[in-house]
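In UniProt numbering, the protein residues as written are 1 to 220.
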């Protein structure tokens, strides 16, 4: 997403955010959807292609799946193990979705709940379930959710003391959650040692690859 689009989107405010407004434009009729998207684009001072492009990125933001109570996963993992076809027979009126995050076991689907919210489920022989994945943490301090007194100070530490931070990252063995499990410290060191003041980090964030589920909302 470009800086211009982010800036224009921010004018809407969180209470009237563009993502929710795009969701509201989806109708069961294509012409009505197009008209609503065109109007939204004019109000948000964006091109219609930006609105339509954003909507096309999400499985549940199109007229084909708007009225489907269930969306069956047709990602690579669910297709190759046959669970997509088997799940579809149990839900004959289901729409299609890509990668619901259950690549490790297949038979994933999305089901509409209250307030039109989509929740992920696994279709087993005993019905629908939401597998619980236990998370173990030995740390007593919250890192991601802990309070930060000053973001500027945090960034300053990262820039000014990277020689101290990199060895700690290497000892932590922190790695990516994709199939390769790429070392985070290696990425940071490569970026820090690259020549020039302008740096680029290449991120492969494909959807639907087995074991590489990504949250599309966070990617946006």
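Every residue gets a Cβ at the ideal spot worked out from N, C-alpha and C, and that includes glycine.
Could you name the residues of the same chain whose beta carbon sits closer than 7 Å to that of residue i, not counting the 5 residues immediately before and after it, in chain order?
i	result
residue 38	48
residue 170	185
residue 23	61
residue 181	175
In angstroms, rounded to a whole number, what distance separates the CA positions of residue i and residue j?
i	j	result
residue 241	residue 176	The requested residue 241 does not occur in the structure, where the chain is confined to residues 1 to 220.
residue 190	residue 145	28 Å
residue 124	residue 65	23 Å
residue 151	residue 172	23 Å
residue 95	residue 119	14 Å
residue 111	residue 74	14 Å
residue 82	residue 141	43 Å
residue 113	residue 164	48 Å
residue 86	residue 132	23 Å
Ordered along the chain, which non-local residues of its own chain (more than five positions away) have a Cβ less than 6 Å from that of residue i?
i	result
residue 128	121
residue 102	108, 122
Does the Cβ-Cβ distance between residue i and residue j come in under 8 Å?
i	j	result
residue 99	residue 109	no
residue 26	residue 41	no
Buried or exposed: residue i, going by 16 or more other Cβ atoms within 10 Å of its Cβ?
i	result
residue 89	exposed
residue 55	buried
residue 30	exposed
residue 200	exposed
residue 58	buried
residue 154	exposed
residue 35	exposed
residue 196	exposed
Enumerate in chain order the residues of its own chain whose CB-to-CB distance from residue i is below 8 Å, with the five nearest sequence positions on each side excluded.
i	result
residue 166	185, 188, 189, 192
residue 93	68, 69, 70
residue 130	119, 120, 121, 122
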